[in-house]
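Sequences listed follow chains A and B, in order.
Sequential numbering of the first sequence, starting at 1, is according to UniProt numbering.
Sequential numbering of the second sequence, starting at 1, is according to UniProt numbering.
Note that the Cβ used here is the ideal one computed from N, Cα and C, for glycine as well.
Since the structure is predicted, the reported quantities are computational estimates derived from the model, not experimental observations.
Protein chains: 2
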Amino acid sequence: MTRYKMTMAYDGHLFHGFQVQPDQRTVQGVVEDVLKRMTKGKYVKVEGSGRTDAGVHAMGQVIHFDYPQREIPAERMLPALNSQMPTDIIFTNCEIVDDDFHVRYSAKGKWYRYRCSLDHFVNPFKRFYTGHFPYPLDVAKMQKAASDLIGTHDFTSFAASGGSIEDKVRTIYYVNIQEDKANNEIIFDFIGSGFLYNMVRILVAMLLEIGNGRRPVDDIPRVIAAKNRLEVQGTAHASGLYLYHVFYEDVPAKYRLDLQ
Amino acid sequence: MTRYKMTMAYDGHLFHGFQVQPDQRTVQGVVEDVLKRMTKGKYVKVEGSGRTDAGVHAMGQVIHFDYPQREIPAERMLPALNSQMPTDIIFTNCEIVDDDFHVRYSAKGKWYRYRCSLDHFVNPFKRFYTGHFPYPLDVAKMQKAASDLIGTHDFTSFAASGGSIEDKVRTIYYVNIQEDKANNEIIFDFIGSGFLYNMVRILVAMLLEIGNGRRPVDDIPRVIAAKNRLEVQGTAHASGLYLYHVFYEDVPAKYRLDLQ
């Protein structure tokens, strides 16, 4: 038995999310099916660093699994899996890791990106790959407001109901909001110790309200203190969200705005 | 009866091309269905500046149609149609034109773009939107070779069989081949008086052979002179091709390399 850690990208728009569900096409399900073929019928459980919802993408999702048969060198496992993947999944890295490595428990941080198109109409080429906000936005205002997210807080106000996790305390290390003028998009980057269910999409929805002037720029400390999901009504659309990177080493100092 | 000229973009990956076909989802078919609803059942024929094949995209396709009912101002026709379009079609401009305007016969030139990804593997996010060539390429060599395409030639060697057009003489005004390093792509631009069936995709396939060193850089005059489709075996994949712009005014002088 050999434990493999693999990094993958996927276009989420034709998946019902990462996690296996009966009769639905999921990322975990597709990878487990391929591993089952490779092992001639043995079930190999795939563990992900986190679930992504239907329509959410990954540039750097990480999985691990225990391959029950003769060890395959990592540099051969990578093309072996890629050659059997559908075109909306690609593995970009493969390592053999110790048995005490766990893709979820060993993670030290996660990076999510949100792409928001500012096009007047929904751009046909971006409809699966961005959110959409065709209204006035003040990026400097959003960036200013976002600095109030940095640090360790109880993020109950930003967790969708339905999550089963009791402890809603997380640390946000880094938030950056920038215009991509060439593509007429706003790019939101969030790095933190972890994120609650729908938390990034709720944060984006709130920041867009601030950037649009519908919510005061200094509202975030109040919303955090309220610990009430009803404080933020919106949830940005899944199509703009990317699990961008998972950190298994310490998050680099340049992204630790909470320590500055 | 009022003639409308409309410019549109579409993501071609879920269409069986532009032209109406029985039991297939086509761009023309979708637009005609919407016009039929607007006119409460009257058939309104949509004419396109040219057909695009299954999987081919448009940034600037142009259509015309004769609206049989009370004239709707152009600035109202645009949102009226957009509000009923599926998300993979968008109209970007609308004008009321004279009855002697014809989207095909009035065109003075066409601009096609081809995006070719150089990623090692097929990138999940680009699989519907680029061709793919993960081999060494010398862009300067392709650009040098492409200059032999400029001018008026019989392009029989570059026309897929199946086209019904007898006259294979066309004028290519402009070819540009550039690297898009940020996206790891090569962008091919072709502007000409018109293009034969599959001509752009065959030209791209040939230029990639030249850039890869499998065909001499000075081969194009010989291939043109041969007037034999068997001279170029390949056809670049439909997914990378975009009908980028149709000129109804004279093609600007900066794109008339044939006159320099």
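Exercise for review: List the endpoints of the continuous alpha helix (DSSP H) containing A:Arg76.
Suggested key: One-based indexing of the first sequence puts residue 76 of chain A at position 76. Per DSSP, A:Arg76 belongs to the alpha helix (DSSP H) from 74-82.
**Study point:** Cβ distance (whole Å) where A:Met8 is taken to contact A:Ala58 below 8 Å
**Key:** Position 8 of the first sequence, counting from 1, holds the residue named residue 8 of chain A. Position 58 of the first sequence, counting from 1, holds the residue named residue 58 of chain A. About 6 Å separates the two Cβ atoms, so the contact holds.
Check your understanding: To the nearest angstrom, how far is it from the Cα of B:Arg127 to the Cα of B:Phe121?
Key -> Locating residue 127 of chain B in the second sequence gives position 127, counting from the first residue. Locating residue 121 of chain B in the second sequence gives position 121, counting from the first residue. So the two alpha carbons sit approximately 10 Å from each other.
Exercise for review: Give the residues of chain B in contact with A:Ile202, contact being defined as C-beta atoms less than 7 Å apart.
Suggested key: By 1-based counting over the first sequence, the position of residue 202 of chain A is 202. Per Cβ cutoff of 7 Å: no residues; A:Ile202 is ~24 Å from chain B at best.
Review point. Using DSSP with H/G/I as helix, E/B as strand and the rest coil, what is residue 262 of chain B?
Key: Lying before the first or after the last residue shown, residue 262 of chain B is absent from chain B, which here runs from 1 to 260.
**Study point:** Supposed close pair A:Leu196, A:Leu149 - CB separation, criterion 8 Å
**Key:** Indexing the first sequence from 1 puts residue 196 of chain A at position 196. Indexing the first sequence from 1 puts residue 149 of chain A at position 149. Between A:Leu149 and A:Leu196 the Cβ distance is about 13 Å, and since that is not below 8 Å, they are no contact.
Practice item. Kindly indicate which residue of A:Gly194, A:Phe91, A:Gln69 has the alpha-carbon position closest to the one of A:Phe158. Key: For the purposes of this step, residue 158 of chain A is taken as residue 158 along the first sequence, with counting starting at 1. Comparing Cα-Cα distances from A:Phe158 to each of A:Gly194, A:Phe91, A:Gln69, the minimum goes to A:Gly194.
Review point. Taking all protein chains shown into account, do 16 or more other C-beta atoms lie within 10 angstroms of the C-beta of A:Asp33, making it buried, or fewer, making it exposed?
Key: What you label residue 33 of chain A is simply residue 33 of the first sequence in a count that begins at 1. The residue in question, A:Asp33, is exposed, as its Cβ has fewer than 16 Cβ neighbours within 10 Å.
**Study point:** Rounded straight-line distance, which links the Cα of A:His13 to that of A:Tyr174
**Key:** For the purposes of this step, residue 174 of chain A is taken as the residue at position 174 of the first sequence. For the purposes of this step, residue 13 of chain A is taken as the residue at position 13 of the first sequence. Distance between the alpha carbons of A:Tyr174 and A:His13 is about 27 Å.
Point to revise | Contact set between B:Pro124 and chain A, taken where Cβ atoms lie within less than 8 Å | key: The count along the second sequence starts at 1 and reaches residue 124 of chain B at position 124. What B:Pro124 touches in chain A: Ala9, Tyr10, Asp11, Thr87, Asp88, Ile89, Ile90.
Check your understanding: With respect to the beta strand (DSSP E) encompassing B:Glu154, which residues constitute its N-terminal and C-terminal limits?
Key -> Taking the first residue of the second sequence as 1, we reach residue 154 of chain B at position 154. In the sequence as presented, Glu is not what sits at residue 154 of chain B; that position holds Asp. Here the beta strand (DSSP E) through B:Asp154 covers 151-154.
Practice item. Could you name the residues that DSSP lists as bridge partners for B:Val175? Key: As a first step, residue 175 of chain B is located in the second sequence; it is residue number 175 there, counting from the start. According to DSSP, which records beta bridges pairwise, B:Val175 is partnered with B:Phe190.
Point to revise | B:Tyr4 and B:Val27 closer than 8 Å at C-beta | key: What you label residue 4 of chain B is simply residue 4 of the second sequence in a count that begins at 1. What you label residue 27 of chain B is simply residue 27 of the second sequence in a count that begins at 1. Contact flag unset, no.
Check your understanding: So, B:Tyr255 versus B:Arg113, is the Cβ gap smaller than 8 Å?
Key -> On the second sequence, residue 255 of chain B is found 255 positions in, with the first residue counted as 1. On the second sequence, residue 113 of chain B is found 113 positions in, with the first residue counted as 1. No, they are not a contact pair.
Check your understanding: So, does the CB of B:Tyr105 fall closer than 8 Å to a CB anywhere in chain A?
Key -> Here residue 105 of chain B corresponds to residue number 105 of the second sequence, with the count starting at 1. It does not; no Cβ of chain A falls within 8 Å.
Review point. Would DSSP call B:Ala159 helix, strand or coil?
Key: Numbered from 1 along the second sequence, position 159 holds the residue referred to as residue 159 of chain B. Correct three-state label for B:Ala159: coil.
Exercise for review: Output the distance between the C-alpha atoms of A:Asn184 and A:Gln84, rounded to the nearest integer angstrom.
Suggested key: Walking along the first sequence from the start, residue 184 of chain A turns up at place 184. Walking along the first sequence from the start, residue 84 of chain A turns up at place 84. About 36 Å.
Review point. Along chain B, in chain order, which residues have C-beta atoms closer than 9 Å to that of A:Arg127?
Key: Within the first sequence, residue 127 of chain A is the residue found at index 127, counting from 1. The answer, in chain order, is Asp11, Thr87, Asp88.
**Study point:** A:Val169, buried or exposed, once every other Cβ within 10 Å from all chains shown has been counted against 16
**Key:** By 1-based counting over the first sequence, the position of residue 169 of chain A is 169. Its Cβ having fewer than 16 others within 10 Å, A:Val169 is exposed.
**Study point:** Same chain, Cβ closer than 8 Å to A:Ala226, neighbours up to 5 away in sequence not counted
**Key:** The residue labelled residue 226 of chain A in the question sits at position 226 within the first sequence. Hits under 8 Å: Ser157.
Point to revise | Straight-line gap, B:Asp138 to A:Val217 (C-alpha atoms, nearest Å) | key: As a working note, residue 138 of chain B is residue 138 in the second sequence. As a working note, residue 217 of chain A is residue 217 in the first sequence. Taking the straight line joining both Cα atoms gives about 51 Å.
Check your understanding: Out of A:Gln61, A:Ala107, A:Ile177, A:Cys116, which has the shortest C-alpha to C-alpha gap to A:Gly192?
Key -> Translated into positions along the first sequence, residue 192 of chain A becomes position 192. Ranking A:Gln61, A:Ala107, A:Ile177, A:Cys116 by Cα distance to A:Gly192 puts A:Ala107 first.
Check your understanding: Are the beta-carbon atoms of B:Ile177 and B:Ala146 separated by less than 8 Å?
Key -> Translated into positions along the second sequence, residue 177 of chain B becomes position 177. Translated into positions along the second sequence, residue 146 of chain B becomes position 146. In contact: B:Ile177 and B:Ala146 (Cβ atoms closer than 8 Å).
Point to revise | 8 Å Cβ cutoff, B:Phe121 in contact with chain A | key: Position 121 of the second sequence, counted from the start, is the residue given in the question as residue 121 of chain B. Yes - at least one Cβ of chain A is within 8 Å of the one on B:Phe121.
Practice item. For A:Asn82, go through chain B and note every residue whose CB falls closer than 8 Å to its CB, in chain order. Key: Translated into positions along the first sequence, residue 82 of chain A becomes position 82. Simply Phe121.
Practice item. On a CA-only basis, which of A:Tyr248, A:Gly213, A:Met199 is nearest A:Thr235? Give me that one, please. Key: Residue 235 of chain A sits at position 235 when you count from the first residue of the first sequence. Nearest option by C-alpha distance: A:Met199.
Check your understanding: Taking C-beta to C-beta, are A:Asp66 and A:Val44 nearer than 8 Å?
Key -> Mapped onto the first sequence, residue 66 of chain A falls at position 66. Mapped onto the first sequence, residue 44 of chain A falls at position 44. It is a contact, given that the beta carbons lie within the stated cut-off.
Check your understanding: Is it true that the CB of B:Tyr105 sits closer than 8 Å to the CB of B:Arg115?
Key -> Translated into positions along the second sequence, residue 115 of chain B becomes position 115. Translated into positions along the second sequence, residue 105 of chain B becomes position 105. Not a contact, by the Cβ cut-off of 8 Å.
Point to revise | Cβ-Cβ distance between A:Arg201 and A:Leu230 below 8 Å | key: Indexing the first sequence from 1 puts residue 201 of chain A at position 201. Indexing the first sequence from 1 puts residue 230 of chain A at position 230. No.
Review point. How would you write the range of the alpha helix (DSSP H) that A:Lys5 sits in, first residue to last?
Key: Here residue 5 of chain A refers to the residue found at position 5 when the first sequence is read from its first residue. It is not in any alpha helix (DSSP H) - A:Lys5 instead sits in the beta strand (DSSP E) that spans 2-10.
Point to revise | Close Cβ partners of B:His16 (< 8 Å) along its chain, the five nearest in sequence each way excluded | key: Counting from one through the second sequence, the residue named residue 16 of chain B turns up at place 16. These residues qualify, in order along the chain: Gln24, Arg25, Thr26, Ala54.
Review point. Do you know how far the Cα of B:Pro68 is from the Cα of residue 291 of chain B?
Key: Shown here, chain B extends from 1 to 260; a query on residue 291 of chain B therefore has no answer.
Point to revise | As assigned by DSSP and simplified to three states, the class of B:His102 | key: Residue mapping note: residue 102 of chain B aligns to position 102 of the second sequence, counting from 1. Three-state DSSP puts B:His102 in coil, outside helix and strand.
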